[in-house]
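Participant: Everything in the sequence shown is counted per full-length UniProt numbering, starting at 1 for the first residue and increasing by one.
In this text, a Cβ means the ideal position worked out from N, Cα and C, and glycines have one as well.
Model, not experiment: these values are computed from the prediction.
My questions all concern the structure below.
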Amino acid sequence: MCTTVAEPIRAETLHAFKQKFSPAGFDAKTIACGYGMAETTLSDSGNYTTIQTLEPTILKVQKKLLEKNIIVSCGTLAPTFEVVVVEPVACTVLNENEVGEVGIQSPSVAKGYWNRDQLNKEVFGAIIESRDGVWLRSGDMGFLSGGELFITGRLKDLIIIRGRNIYPQDIELSIELAHRQVRPGRVAAFSVETKFQEECIVVVAELQVDLKEDKVALKSIGRDISSAINLDHRLPCDAVVLVHPRSIPKTTSGNIQRKATKIKYEAGTLAVQIIHQESNTSKFASVVSDENLFFLSDKRGRSTIGASLDGCVEVVC
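Take a look at the structure:
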């Protein structure tokens with residue numbers, strides 16, 4: 001069995017892995033996608049049958065509701081685990097196919113972090129309307145559909161520009177595909193406030209090699225990345241920061257630390273090769289179309305982070 005528990009799981013990665021190893025006899029039905037956290041020791045969902053009979057579930061949703069319209073299932077809930085999806089501010093339970101924060105309850109959930117009492121109350125002691133007991137706030141966004149859990153991104157990493165909710169992973173994938181010099185899995189996207197007091201995108205990407213002496217090549221890569229973000233997402237990009245290999249902060253498990261990268265960018269301590277900036281960031285605003293907006297509001301007209309995917313979901317495989 002081949003297991004992946006990255007979240008969100010990329011359908012492109014599963015397809016590429018299948019294409020690469022199928023000639024050697026690899027069966028895609030042996031792929032088991034899951035979701036887990038250290039705080040829940042360890043697996044919250046996945047495939048728990050002894051014989052896998054189907055390839056992982058992949059859903060296609062309307063792009064106007066989720067920026068990335070292909071989402072891979074993290075499987076069914078593990079035994080003893082209960083999961084609800086809630087509106088992140090009010091902690092009210094959402095319906096199936098509605099995107100919100102994932103709440104978890106299980107005997108496997110840890111008691112808390114060492115000597116972090118206030119944080120433990122917030123993370124491990126959440127009270128959810130109409131549900132008994134306390135819940136773990138995962139900090140992950142997702143939804144339940146057909147008994148399976150789908151993760152769409154991290155709440156704390158969510159980028160909000162002009163009422164539009166954007167997952168940084170979507171931008172980062174576009175950057176990785178924009179130029180062969182970009183190191184896969186070594187890209188960070190986040191938002192900053194410009195001098196005009198509006199939020200804009202900044203992306204930091206590691207290059208395969210040191211090109212600091214080749215300004216022409218660096219400028220070309222910067223333009224390609226900026227164009228890819230504009231073409232794929234219709235987003236204002238304040239800066240494309242190209243840095244040396246192995247210079248973006250990572251966690252001990254190898255995940256990109258977007259917040260730490262943003263801090264280093266604002267402090268001017270990144271190992272920069274070049275910073276590519278468009279002369280007029282606002283020129284992108286005119287090409288943002290309504291059908292691509294992820295703008296949501298409740299009955300009172302207030303902006304919310306949830307989204308209903310009812311009637312917008314198609315099973316790809």
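(1) Based on Cα-Cα distance, which residue from T92, I104, E193 lies nearest to E39?
(2) If you scan the UniProt domain "AMP-binding enzyme C-terminal" (157 to 272) from start to end, which runs of the alpha helix (DSSP H) of 4 or more residues do you find wholly inside it?
(3) Give the secondary structure of A32 by DSSP, where H, G and I count as helix, E and B as strand, and everything else as coil.
(4) Would you mind reading off the limits of the alpha helix (DSSP H) that contains F26?
(5) Could you give the DSSP three-state label for N115: helix, strand or coil?
(6) For E129 and I256, I'd like the C-alpha separation in whole angstroms.
(7) Just verifying my parser: in three-state terms, what is the DSSP assignment at Q105?
(8) Would you mind reading off the limits of the beta strand (DSSP E) that contains T3?
(9) State the start and end residues of the unbroken alpha helix (DSSP H) segment that holds L14.
(10) Below 6 angstroms CB to CB, which residues in the same chain sit around A260 once its five sequence neighbours on both sides are set aside?
(11) Pull up the CB-CB distance for I225 and A205, whole angstroms please, since I reckon it's below 8 angstroms.
(12) Take the Cβ of residue 333 as the centre, count every other Cβ of all protein chains shown within 10 Å, and call the residue buried at 16 or more, exposed below.
(13) Below 8 angstroms, can you find three or more Cβ-Cβ pairs linking the segment 158 to 173 to the segment 182 to 189?
(14) Evaluate A126 with the Cβ neighbour count: other Cβ atoms within 10 Å of its Cβ, from every protein chain shown; 16 or more gives buried, anything less gives exposed.
(15) Run through the DSSP bridge pairs and tell me what E82 is partnered with.
(16) Could you please give me the residues that DSSP links to V93 through a beta bridge?
(17) Reducing DSSP to helix, strand and coil, say where E98 ends up.
(18) Rounded to a whole number of angstroms, what is the C-alpha to C-alpha distance between N95 and L149?
(19) What separation, rounded to the nearest whole angstrom, lies between the Cα atoms of V192 and I263?
Facilitator: Concretely, from the data shown:
(1) I104
(2) 168 to 178, 215 to 233, 258 to 267
(3) strand
(4) F26 -> no alpha helix (DSSP H), and no H or E assigned at all.
(5) coil
(6) 34 angstroms
(7) strand
(8) 2 to 4
(9) 11 to 21
(10) P249
(11) 7 angstroms
(12) Residue 333 cannot be examined here, being either before or after the span of the chain that is shown, 1 to 317.
(13) yes
(14) buried
(15) Q105
(16) V86
(17) strand
(18) 13 angstroms
(19) 11 angstroms
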